[in-house]
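Visitor: Here the sequence shown is numbered in this note's numbering, starting from 26 and rising by one per residue. All C-beta atoms in this analysis are idealised placements derived from N, C-alpha and C, irrespective of residue type, glycine included.
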Amino acid sequence: MNKNLVSFLGCFFIVFFANSQTISEVINQVSLDSLQLTLREFTGEQATVVNGNSVTIQNRVQTNNDLAADYLFEKLSGLDNVTVANQLINGEAGRKNVIATQLGKTNPDAIYMVCAHYDSVADYCADDNASGTAAVLEIARLLSAQCLDNTIVYALWDEEENGLVGSNYYATQAAANGHNILGVLNIDMMGYDGNNDNNFDIDVRDFGNSLTMKDDIVSILNNPTYGFTLNVNVVNPGTTASDHSRFWNQGYSAVLVGESWETNDETPFYHSSNDRYSTLNFPYYLQLTKLITGYMVTKGGLVALDNTVTQNAGTLLANETLATYQWINCETETVIVGATSQSYSPTLNGNYKVEITNGSCTEVSSCFTVNTLNVSSVNTDDFKIFPNPVKSVLTVELPPFDQAELRIVTINGQVVLTQTIKENVTDLKLSQLSAGVYFVILEVDGKQSNQKLIKD
Numbered sequence: 026m027n028k029n030l031v032s033f034l035g036c037f038f039i040v041f042f043a044n045s046q047t048i049s050e051v052i053n054q055v056s057l058d059s060l061q062l063t064l065r066e067f068t069g070e071q072a073t074v075v076n077g078n079s080v081t082i083q084n085r086v087q088t089n090n091d092l093a094a095d096y097l098f099e100k101l102s103g104l105d106n107v108t109v110a111n112q113l114i115n116g117e118a119g120r121k122n123v124i125a126t127q128l129g130k131t132n133p134d135a136i137y138m139v140c141a142h143y144d145s146v147a148d149y150c151a152d153d154n155a156s157g158t159a160a161v162l163e164i165a166r167l168l169s170a171q172c173l174d175n176t177i178v179y180a181l182w183d184e185e186e187n188g189l190v191g192s193n194y195y196a197t198q199a200a201a202n203g204h205n206i207l208g209v210l211n212i213d214m215m216g217y218d219g220n221n222d223n224n225f226d227i228d229v230r231d232f233g234n235s236l237t238m239k240d241d242i243v244s245i246l247n248n249p250t251y252g253f254t255l256n257v258n259v260v261n262p263g264t265t266a267s268d269h270s271r272f273w274n275q276g277y278s279a280v281l282v283g284e285s286w287e288t289n290d291e292t293p294f295y296h297s298s299n300d301r302y303s304t305l306n307f308p309y310y311l312q313l314t315k316l317i318t319g320y321m322v323t324k325g326g327l328v329a330l331d332n333t334v335t336q337n338a339g340t341l342l343a344n345e346t347l348a349t350y351q352w353i354n355c356e357t358e359t360v361i362v363g364a365t366s367q368s369y370s371p372t373l374n375g376n377y378k379v380e381i382t383n384g385s386c387t388e389v390s391s392c393f394t395v396n397t398l399n400v401s402s403v404n405t406d407d408f409k410i411f412p413n414p415v416k417s418v419l420t421v422e423l424p425p426f427d428q429a430e431l432r433i434v435t436i437n438g439q440v441v442l443t444q445t446i447k448e449n450v451t452d453l454k455l456s457q458l459s460a461g462v463y464f465v466i467l468e469v470d471g472k473q474s475n476q477k478l479i480k481d
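1) Give me, in chain order, the residues of the same chain whose beta-carbon lies closer than 8 Å to that of Asp481; leave out the 5 immediate sequence neighbours on both sides.
2) Are Thr323 and Ile114 close, meaning C-beta to C-beta below 8 Å?
3) Should Glu20 be labelled buried (16 or more other beta-carbon atoms within 10 Å of its own) or exposed?
4) Find the nearest neighbour of Tyr302 within the set Arg85, Leu62, Asn224, Gln312, judged by alpha-carbon distance.
5) Are the Cβ atoms of Val146 and His269 separated by less than 8 Å?
6) Could you name the residues of the same chain whose beta carbon sits closer than 7 Å to that of Gln83, not counting the 5 residues immediately before and after it, in chain order?
7) Can you check which of these residues, Ile52, Glu66, Glu422, Glu50, is closest to Leu458 by C-alpha distance?
8) Considering Ser256, what are the terminal residues of the beta strand (DSSP E) in which it resides?
9) Is the number of C-beta pairs between the stretch 163-172 and the stretch 226-246 that are closer than 8 Å three or more?
10) In its own chain, which residues sit with a C-beta less than 7 Å from the C-beta of Val362, not counting the 5 before and 5 after it?
11) Between the stretch 341-358 and the stretch 198-214, are three or more C-beta pairs nearer than 8 Å?
12) Do Ile227 and Val280 have their C-beta atoms within less than 8 Å of each other?
13) To which residues of the same chain is Trp352 closer than 7 Å at the C-beta, ignoring the five residues directly before and after it?
14) By alpha-carbon positions, which one of Arg120, Gln71, Asn223, Thr126 ends up nearest to Leu104?
15) Tell me which residues share the same chain as Glu13 and place their Cβ nearer than 7 Å to its Cβ, disregarding the 5 neighbours each side in the sequence.
16) Does the beta carbon of Gln83 come closer than 8 Å to any beta carbon on chain D?
17) How far does the beta strand (DSSP E) with Asn111 in it reach, from first residue to last?
18) DSSP three-state call for Trp286: helix, strand or coil?
19) Report the partner residues of Ser145 according to the DSSP bridge assignment.
20) Expressed to the nearest angstrom, what Euclidean distance is found between the alpha-carbon atoms of Thr451 and Asn374?
21) Is it the case that the Cβ atoms of Asp213 and Gly157 are separated by a distance below 8 Å?
22) Starting from the Cα of Ile410, find the closest Cα among Cys392, Glu388, Val395, Ile433 and give me that residue.
23) Here's a check: name, in chain order, each residue in its chain whose Cβ is nearer than 6 Å to the Cβ of Leu311, leaving out the five neighbours to either side.
24) Quick test of your reading: Ala151 and Gly216, contact by CB under 8 Å. State the CB separation rounded to the nearest angstrom.
25) According to DSSP, is Arg230 helix, strand or coil?
26) Considering Gly325, what are the terminal residues of the alpha helix (DSSP H) in which it resides?
27) Taking one C-beta from the stretch 458-478 and one from the stretch 89-96 each time, how about it: are there three or more such pairs within less than 8 Å?
28) Taking Leu97 as the reference, give the member of Glu163, Asp153, Asn247 with the closest Cα.
29) Within a Cβ cutoff of 7 Å, which residues of the same chain sit near Gln444, ignoring the five residues on either side of it in sequence?
30) Counting along the chain, where does the beta strand (DSSP E) carrying Lys416 start and finish?
31) How would you write the range of the alpha helix (DSSP H) that Val80 sits in, first residue to last?
32) May I have a chain-ordered list of the beta strand (DSSP E) segments no shorter than 3 residues that lie completely inside the stretch 345-402?
33) Suppose the cutoff is 6 Å on Cβ atoms and the five residues either side in sequence are ignored; what does the same chain contact list for Val465 look like?
34) May I have the straight-line CA-CA distance separating Val55 from Leu246, to the nearest angstrom?
35) Taking Cβ to Cβ, would you say Ile136 is nearer than 8 Å to Thr176?
36) Opposite Gln476 in the DSSP bridges: which residues?
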């Protein structure tokens, strides 16, 4: 702010609700683990992978934040149902807003925006404003898996700290082009709650339907179905010191949501390199992200399409009926030729998902691990991986063999490493991988084995 797959190994019968069809279920899918990983990577507390290289985002100061912008572009580009673009401010390279657009299926000209600035004034700057940026990415992760009636724009601004430059450029261009933006929810500094009172601010002024936006957010907050324990401070007239105000200037409806400056409970590490991951209040941050998710999915409007899957041993069944289907290998991200029925029975153990289309709406299930097929297994006494947990180098040890392929996949079925094994003892460098749970899948001379791996 500028003031001054779940993986199921050996399962038998499971119904997995990958991407829910109710607002409450979408809200409850907000993942603190996902938010925290993004925060650690985006603030430079932990290395990440950008453009195929292991990198550390040292800071996001405007003169040195191309790497941060590339990270955001890659994250958003990996989502379904969105189109991502870098908007060059005044057409100048190195000055870019990162914009992802999810077109509505019913009312594509009805636009709602959730946004945050990603630039900073110093190293780290976790609260200001990696917190808002990570929340936008999490909301995009969840909503992009759904078909929505209305268009959602996920916008990440550059040069907020230089005078709200990025958002001003976008808002001016949008107004000049007659964009029908019905609401802009701006997030700026939402991770600090020093006294644990769960207070947060909604900054609003009487521009467009901004007051109605505020009422809608408060209505979601007070809905007992969602179970929020946050306390709202409505600030009217609200501050003009963040990106929402540039939309007010163009007559658009907009609000700012964030931690409570109104009660003097903003981060004491404002605009300094002491604004770090460890200073954030994560239960508070999670609730506030869920609240904003609830507002955005309400305004987006869920189109009724069931993308859940039932797993019965080695058979997968899409629960949506009277649709078209395409089963996909999650490990290679390739379609399985001929696998276009509602059900699919793989011939090999692996990770699979289904793309479901009904009318103009297409959604994709989460990945499922099938590990119940009668495939000869590698003796785990012969196949050894160590150390486990691993920090940087994993050793794979095998008895004599003719041909061996190894894959490491995430719990969501994404392949993060593929390696042809040529020696009985092989060292794999894994320092580029984020901390978490993975599975090591080994195929040796027609036999297969899966082992769980913990990356510290």
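Guide: Reading from the atomic positions:
1) Pro414, Val415, Lys416, Ala460
2) Result no, Cβ atoms of Thr323 and Ile114 do not sit closer than 8 Å.
3) Outside the shown range of the chain (26 to 481) lies residue 20, about which nothing can therefore be said.
4) Leu62
5) no
6) Answer for Gln83: Gly69, Asp148, listed in chain order.
7) If we check each option's Cα against that of Leu458, Glu66 comes out closest.
8) Correcting the residue identity first, residue 256 is Asn in this sequence and not Ser. Run containing Asn256: 256-260, per the beta strand (DSSP E) assignment.
9) The answer is no - the stretch 226-246 does not touch the stretch 163-172, with fewer than three Cβ pairs under 8 Å.
10) none
11) no
12) In contact: Ile227 and Val280 (Cβ atoms closer than 8 Å).
13) Ile361, Ala364, Tyr369, Tyr377, Val379
14) Thr126
15) Here the chain has residues from 26 to 481 only, and residue 13 is not among them.
16) The question asks about chain D, but that chain is absent: this structure has only one protein chain.
17) 108-113
18) coil
19) Val86
20) Going by C-alpha positions, Thr451 is about 24 Å away from Asn374.
21) yes
22) Ile433
23) In its chain, beyond the 5 residues on either side, Leu57 have a beta carbon closer than 6 Å to the beta carbon of Leu311.
24) Between the beta-carbon of Ala151 and that of Gly216 there is about 7 Å, and that keeps the pair under the 8 Å contact cut.
25) coil
26) 307-325
27) no
28) Glu163
29) Leu431, Leu453
30) Counting along the chain, Lys416 falls outside any beta strand (DSSP E), and DSSP gives it neither H nor E.
31) Looking at the DSSP string, Val80 is not in any alpha helix (DSSP H); the run it does join, the beta strand (DSSP E), is 78-80.
32) 349-354, 375-383, 386-389, 393-395
33) Closer than 6 Å at Cβ, skipping near neighbours: Ile410, Ile433, Gln476, Leu478.
34) Cα to Cα, Val55 sits roughly 16 Å from Leu246.
35) If you check the CB distance, Ile136 and Thr176 come in under 8 Å.
36) Val465
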